[in-house]
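Q: These protein sequences, in sequence, are chains S and E.
Each step along the first sequence adds one to the number in the numbering used here, with nothing skipped, and position 118 is 118.
Counting from 1 along the second sequence, just add 1000 to a position and that's the residue number in the numbering used here.
Built from N, CA and C at the ideal position, the CB exists for glycine as well.
2 protein chains.
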Amino acid sequence: MVADEIAVALLGQVMTLSGQVTERMRAGLERLGLTESLANLVWLLRPDTDPLPLRKIAGLLHCDPSNVTLLSAKLEERGLAERRPHPGDGRVRTLVLTPDGRRVREQLIELVARHSPLAGLDESEQKQLHALLDKALAGA
Amino acid sequence: MVADEIAVALLGQVMTLSGQVTERMRAGLERLGLTESLANLVWLLRPDTDPLPLRKIAGLLHCDPSNVTLLSAKLEERGLAERRPHPGDGRVRTLVLTPDGRRVREQLIELVARHSPLAGLDESEQKQLHALLDKALAGA
DNA sequence: CGAAGATCCTTGATTAACTCATGTATTGTC
DNA sequence: GACAATACATGAGTTAATCAAGGATCTTCG
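Right under this line is the structure:
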């Protein structure tokens, strides 16, 4: 039962951490003109990887595809992202950040990552933590 | 910039992890008759510590006090928790799990902790992780 | 002792995210 | 070329959350 206790405590820590991060985000979001869910989406839209189909975004966001349509429309409206047809499949739309969107994403990362509790750890601790989390996530 | 990269990746891992956990929770919640936000509240109501004032709950939950009133009422309605007056201060109400509520909380922990990605780590890794997260949270 | 101010919870109205059901377009298969 | 399957869009409806205002209790200070 001891092992269980640790697992529960770990989970509590992770949830607390994620709560603190989203809370900090929220404080800076108004300045960026984003809501929390839009920020989550922007966070997901990495400029250095292949564009994500909307359906895949829904999976990563754990929400309904129709909701992604809504969020995408809002980002488009603000000029932060564009829906583009998939080159190989006419049914699929992908969502890509515009230059403005990339800037906002940078600000978001700056806002959150630079001040997260995790940033307080030194480099070797961060690497250690990264390895542990990587292993845990791989096992899932 | 390298350190920043790690911090960003770490944050991504934590968010992914918390997303997976809440997703898993969601799958089992219907059976327990709870919504996600109610589950978060139940999770917070540890039977082994002093009862929490509603206002403090609002802080921990990062939401408005009036929302806590609403959630508390729902838990009460289901017989899972009780609002009790604070012994020393007539303004304050505390929220306490009933026996039924404690049972539901156990099931919730069982559901989530036992199957979280973190449970896949061995005991020494879990302890290591716990120490790192503890340090990070203490710094915040 | 009593009034002013602060703190805590509640109530009601409003907003916004999200889901569900349905519709339309495109692709793949037989 | 018809049929099933997949992907996104649209519209209605649900629900959680915020905000503003109110009543109750405690604290401070004249």
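Look up residue 1021 of chain E in the DSSP assignment and give the residues it is bridged to.
A: Its beta-bridge partners do not exist; DSSP assigns none.
Q: Output yes or no for whether 9 Å exceeds the beta carbon distance between residue 129 of chain S and residue 1133 of chain E.
A: Yes, the Cβ-Cβ distance between residue 129 of chain S and residue 1133 of chain E is below 9 Å.
Q: For the alpha helix (DSSP H) containing residue 1070 of chain E, name the first residue and the last one.
A: Run containing residue 1070 of chain E: 1065-1077, per the alpha helix (DSSP H) assignment.
Q: Is any beta-carbon of chain S found at less than 9 Å from that of residue 1050 of chain E?
A: False, the Cβ-Cβ gap to chain S never drops below 9 Å.
Q: Going by alpha carbons, who is nearest to residue 1048 of chain E out of E:1099, E:1008 and E:1028?
A: Looking at the Cα atoms, E:1099 is the closest of the given residues.
Q: Taking all protein chains shown into account, decide if residue 1007 of chain E is buried (16 or more other Cβ within 10 angstroms of its Cβ) or exposed.
A: With 16 or more Cβ atoms within 10 Å of its Cβ, residue 1007 of chain E is classed as buried.
Q: If you reduce the DSSP assignment to three classes, tell me which class residue 117 of chain S lands in.
A: Helix at residue 117 of chain S.
Q: Going by other Cβ atoms of all chains shown within 10 Å of its Cβ, with 16 needed for buried, is residue 124 of chain S buried or exposed?
A: Exposed.
Q: What first and last residue would you give for the alpha helix (DSSP H) that runs through residue 42 of chain S?
A: Start and end: 36-44.
Q: Which residue from E:1115, E:1135, E:1137 and E:1139 puts its Cα closest to that of residue 4 of chain S?
A: When each option's Cα is compared against that of residue 4 of chain S, the closest is E:1115.
Q: Quick one: grab the DSSP three-state call for residue 52 of chain S.
A: Residue 52 of chain S falls in the strand class under three-state DSSP.
Q: Any beta carbon from chain S within less than 9 Å of residue 1117 of chain E's own beta carbon?
A: Yes, contact with chain S.
Q: Roughly how many angstroms lie between the CA atoms of residue 27 of chain S and residue 63 of chain S, to the nearest whole one?
A: Approximately 24 Å between the Cα atoms of the pair.
Q: Measuring CA to CA, which of S:139, S:22 and S:89 is closest to residue 35 of chain S?
A: Comparing Cα-Cα distances from residue 35 of chain S to each of S:139, S:22 and S:89, the minimum goes to S:22.
Q: In chain E, what lies closer than 7 Å to residue 18 of chain S by C-beta?
A: Those within 7 Å of residue 18 of chain S in chain E are 1014, 1015 and 1018.
Q: Give the DSSP bridge partners of residue 104 of chain S, in chain order.
A: According to DSSP, residue 104 of chain S bridges with nothing at all.
Q: Counting only Cβ-Cβ distances shorter than 7 Å, please list the residues of the stretch 1050-1069 of chain E near chain S, keeping chain order.
A: Correct list: 1062.
Q: Taking all protein chains shown into account, decide if residue 1055 of chain E is buried (16 or more other Cβ within 10 angstroms of its Cβ) or exposed.
A: Looking at its Cβ environment, which holds fewer than 16 other Cβ atoms inside 10 Å, residue 1055 of chain E is exposed.
Q: Based on the DSSP secondary-structure assignment, which residues constitute the bridge partners of residue 82 of chain S?
A: Residue 82 of chain S pairs with S:96.
Q: Just to confirm before moving on: does the CB-CB distance between residue 111 of chain S and residue 1112 of chain E stay below 9 Å?
A: Not closer than 9 Å, so no.
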